[in-house]
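Accompanying notes for the structure given below.
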Amino acid sequence: LVLAARSGDVLAAVVEGLRAGGVEAIHVVADVSDRAQVDAVAQAAIERFGRIDTWANVAGSTIYGRLEEVNEADSRRLFDVNFWGIVNGSLAAMPHLRLTGGALINVGSEASEVAIPLQGMYTATKHAVKGFTDALRIEVEQVDGAAVSITLIQPTAVETPLPQHARNYMAHEPKLPSPQIDPHQVAEAILAAATAPARNVKVGAMASLDVAVEKFLPGVADVMAAFQVPRQQTDQPAQTREGALYRAGAEGRIYGCGKGKAQR
5 LVLAARSGDV
15 LAAVVEGLRA
25 GGVEAIHVVA
35 DVSDRAQVDA
45 VAQAAIERFG
55 RIDTWANVAG
65 STIYGRLEEV
75 NEADSRRLFD
85 VNFWGIVNGS
95 LAAMPHLRLT
105 GGALINVGSE
115 ASEVAIPLQG
125 MYTATKHAVK
135 GFTDALRIEV
145 EQVDGAAVSI
155 TLIQPTAVET
165 PLPQHARNYM
175 AHEPKLPSPQ
185 IDPHQVAEAI
195 LAAATAPARN
205 VKVGAMASLD
215 VAVEKFLPGV
225 ADVMAAFQVP
235 RQQTDQPAQT
245 REGALYRAGA
255 EGRIYGCGKG
265 KAQR
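Residues 5 to 268 in the numbering used here are what the sequence shown spells out, letter by letter.
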């Protein structure tokens, strides 16, 4: 197992715990927006384990705020992480996966197919992730006939510290609307896709429901989305506005403010 992220201390602690449980694991400090750093992750995996069987692109962040208020630099940075991070990981892994077969798993969102007001730029990045993943799947699986499965994971809201790590333009602290699913459900979906290939995997009942409403009743979907605006803000004044868009989060937490009360 090879873990990669910007937070070296957090990764080291996770790897230590894995090794204590008998898992052979290493970590590489990398920013997914930098292709050279992502290539170094792939090289480290080859040097340590000789091959890559499964590659999962998971990194992501968000921006809370109206699209007319979010500055261009922050929007471009979000695309660097959420979209180009997926592209960099996919293209770094693909030559190795083609050699021996395997699975490429990209984590999108239900926002890959529906729009989230106040997270409009996040929505745009996740739509781009789906478009890229679908096109790559056709080229690799259908055109080339390569023994590589390409899966897009699309969770609903997940109880992680995403709001606390977000860049925030709102006057109040951000939050995720309920219901939220447990992050372990997403991990289980990724593991399942590694062994039982699937095209798209919705995680959480709301993901399937929201996408279906968007497809068949788009006007209703717009009205439902508008109701999410107040549900993405607390009544507390905004404290930290920068988030982890440009710097690594140092907590290494799995859960957000709900502390593990999400639906299973």
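Even for Gly, the Cβ is constructed at its ideal location relative to N, Cα and C.
Given that a residue counts as buried once 16 or more other Cβ atoms are within 10 Å of its Cβ, and exposed if not, what is F136? In the sequence shown, the residue the question calls residue 136 occupies position 132. Classification of F136: buried, given that the 10 Å Cβ count is 16 or more.
Is the separation between the beta-carbon of L221 and that of R81 shorter than 7 Å? On the sequence shown, position 217 is the one that residue 221 refers to. On the sequence shown, position 77 is the one that residue 81 refers to. For L221 and R81, no; Cβs fall outside 7 Å.
Beta carbon of A229 nearer than 7 Å to that of H176: In the sequence shown, the residue the question calls residue 229 occupies position 225. In the sequence shown, the residue the question calls residue 176 occupies position 172. Cβ distance not < 7 Å, so A229 and H176 don't count as in contact.
Using a threshold of 7 Å, state whether the C-beta atoms of L156 and G112 are closer than that. As a position in the sequence shown, residue 156 is number 152, starting the count at 1. As a position in the sequence shown, residue 112 is number 108, starting the count at 1. It is a contact, given that the beta carbons lie within the stated cut-off.
Between the CA atoms of T129 and F83 - distance to the nearest angstrom: In the sequence shown, residue 83 corresponds to position 79, counting from 1. In the sequence shown, residue 129 corresponds to position 125, counting from 1. Cα to Cα, F83 sits roughly 6 Å from T129.
Just reading off the beta strand (DSSP E) that N61 is part of, what are its end residues? As a working note, residue 61 is residue 57 in the sequence shown. Start and end: T58 to N61.
Just checking, does the stretch 92–103 make contact with the stretch 115–127 on the three C-beta pairs under 8 Å criterion? no
Whether T58 touches G106 by CB criterion (7 Å): On the sequence shown, position 54 is the one that residue 58 refers to. On the sequence shown, position 102 is the one that residue 106 refers to. For T58 and G106, yes; Cβs fall inside 7 Å.
With 16 other Cβ atoms within 10 Å as the buried cut-off, status of F87: Taking the first residue of the sequence shown as 1, we reach residue 87 at position 83. Buried: at least 16 other Cβ atoms inside 10 Å.
Hey, would you say A16 sits closer than 7 Å to V45, going by beta carbons? Translated into positions along the sequence shown, residue 16 becomes position 12. Translated into positions along the sequence shown, residue 45 becomes position 41. No, the pair does not count as a contact, with Cβ atoms beyond the cut-off.
Here's a check: name, in chain order, each residue in its chain whose Cβ is nearer than 7 Å to the Cβ of Q168, leaving out the five neighbours to either side. Your numbering for residue 168 matches position 164 in the sequence shown. Within the same chain, Q168 has close Cβ partners G260.
DSSP-derived helix/strand/coil call for I109: Numbered from 1 along the sequence shown, position 105 holds the residue referred to as residue 109. I109 falls in the strand class under three-state DSSP.
Give me the Cα-Cα distance between L166 and S65, rounded to the nearest whole angstrom. What you label residue 166 is simply residue 162 of the sequence shown in a count that begins at 1. What you label residue 65 is simply residue 61 of the sequence shown in a count that begins at 1. About 7 Å.
Assigned secondary structure, V36 (DSSP; H/G/I helix, E/B strand, else coil): For the purposes of this step, residue 36 is taken as the residue at position 32 of the sequence shown. V36 falls in the coil class under three-state DSSP.
For Y259, the three-state DSSP class (helix, strand or coil): Residue 259 sits at position 255 when you count from the first residue of the sequence shown. Coil, per DSSP.
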